[in-house]
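Numbered per the working numbering, the sequence shown spans residues 1 to 267.
By construction, the Cβ of each residue, glycine as well, lies at the ideal position given by its N, Cα and C atoms.
Take a look at the structure below.
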Amino acid sequence: MSEFSDWQPDSLDDYDSEAGSEIAELLDEAYDLLDGFVQWLEEVAQMDTRTAQQDCFNAESLLDYLANHHHKSIRGMNEFELRWFVFSHYIRQEVADDETAERLPDSLRRFDLYLRSEHALELPEWVVNVLDDRLLYLKRRTEYANLNSEDEAEWQTGYRQWSEELQEELDVRCLWLPRELGDGMFWSEAMGWREATLYTEANKLWQEERSRLLMDGMDYETVRSHLLDTYLFWIENEQERLGGRTPREVIHEEQNEQNLDVDGEEE
């Protein structure tokens, strides 16, 4: 049964320093890959300079997302992270021009080919499956752009529906971590740092277990049953790292603290 790592920071400053150093190393590795990618695009794939620059921007966006949000390189990427990046994160954080943004799936397909041919990096089959779903990407991009930005309430309703559509798509593939924590509790929409850390760990455990079970040849429904058992075990069992408390108890305590803070501000 997977658990948290043994290392525990003495303070948030220690954690930020450790994380910052790790991210810097990942980004250095990423930039080396990107330099080679541009050269490969121009010399091997015979792409024009404009397209090569667009492809490089899109590949850099993925590598930057993996390093900063998940502290990993593309070698450790899982299916959830790629699907979330393509169908949500990139669309919401988009800073590219329309032509570059519309090219995202094609850019990442060429990046995949580059990694295979020049670095012997065989990414899993699901990478190709995700990037082949260009129509879904363009559909979600158009729908997000069409959300009514003049009416905040209407925008929030539209955004919630847009987000839930992807969550349902991920859930069908057993990629979505359940919202329920048991005892009538749910993960918060606005998490404190302890809850956010626990959520990250729970999702990491979920994705790793899912990958292992699928490799064992299980179907999605069997995988889901095993994942829920592992998830509940993790939530309900005491951990030494948490001072002998369960993740649910730690989350409950922080949620109560936040509620008290909000009540105090209102008074």
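Asked                                                                                                                                                                                       : Found
Could you tell me the alpha carbon to alpha carbon distance between V223 and T142, rounded to whole angstroms?                                                                              : 33 Å
For T100, is the classification buried or exposed, using 16 other Cβ atoms within 10 angstroms of its Cβ as the cut-off for buried?                                                         : buried
Taking contact to mean 3 or more Cβ pairs, one atom from each stretch, closer than 8 Å, check whether the stretch 186-199 and the stretch 248-256 are in contact.                           : yes
Decide if G20 is buried, meaning its Cβ has at least 16 other Cβ atoms within 10 Å, or exposed.                                                                                             : exposed
Quick one: residues in its chain with C-beta nearer than 7 Å to the C-beta of S107, no 5 flanking neighbours on either side, listed in chain order?                                         : Q54, D55, N58, A59
With DSSP collapsed to three states, give me the class of M215.                                                                                                                             : helix
With the cut-off set at 8 Å, would you say Y65 and F85 are in Cβ contact?                                                                                                                   : yes
The beta strand (DSSP E) spanning E180 covers which residue range?                                                                                                                          : 180-182
If you draw a straight line from the C-alpha of W155 to the C-alpha of D219, how long is it?                                                                                                : 37 Å
Out of R75, T157, Y90, L181, which has the shortest C-alpha to C-alpha gap to H119?                                                                                                         : R75
Measuring straight from C-alpha to C-alpha, what distance separates H180 and F87?                                                                                                           : It is worth fixing the name first, because residue 180 is Glu in this sequence and not His. Taking the straight line from one Cα to the other gives about 24 Å.
Any idea what DSSP makes of R245, helix, strand or coil?                                                                                                                                    : strand
Applying the criterion that 16 or more other CB atoms from any shown protein chain within 10 Å of the CB defines a buried residue, is Y90 buried or exposed?                                : buried
Going by beta carbon distance, what residues of the same chain come within less than 8 Å of V128, once the five residues before and after it are set aside?                                 : R109, D112
Could you please give the first and the last residue of the uninterrupted alpha helix (DSSP H) stretch that includes G158?                                                                  : 152-172
Run through DSSP, which three-state label would Q305 get?                                                                                                                                   : What the structure shows of the chain is the stretch from 1 to 267, and residue 305 is not part of that stretch, so it cannot be assessed.
Spatial neighbours of R134 within its chain, please: C-beta separation below 8 Å, excluding the five flanking residues on both sides.                                                       : P105, D106
Taking the beta carbon of F80 as the centre, do at least 16 other beta carbons fall within 10 Å, making it buried, or is it exposed?                                                        : buried
Write down the C-beta distance between E209 and T230 rounded to the nearest angstrom, noting that I regard them as a contact closer than 8 Å.                                               : 5 Å
Starting from the C-beta of A45, find all residues in its chain whose C-beta is less than 7 Å away, skip the five residues before and the five after it, and write them out in chain order. : R110
What do you get for N78, buried or exposed, if any count of 16 or more other CB atoms within 10 angstroms of its CB means buried?                                                           : buried
From which residue to which residue does the alpha helix (DSSP H) around N58 run?                                                                                                           : 49-70
Thinking C-beta only, is L175 closer than 8 Å to R245?                                                                                                                                      : no
If you draw a straight line from the C-alpha of Q207 to the C-alpha of P247, how long is it?                                                                                                : 18 Å
Compute the Euclidean distance between the alpha carbons of L205 and D183, then round it to the nearest angstrom.                                                                           : 21 Å
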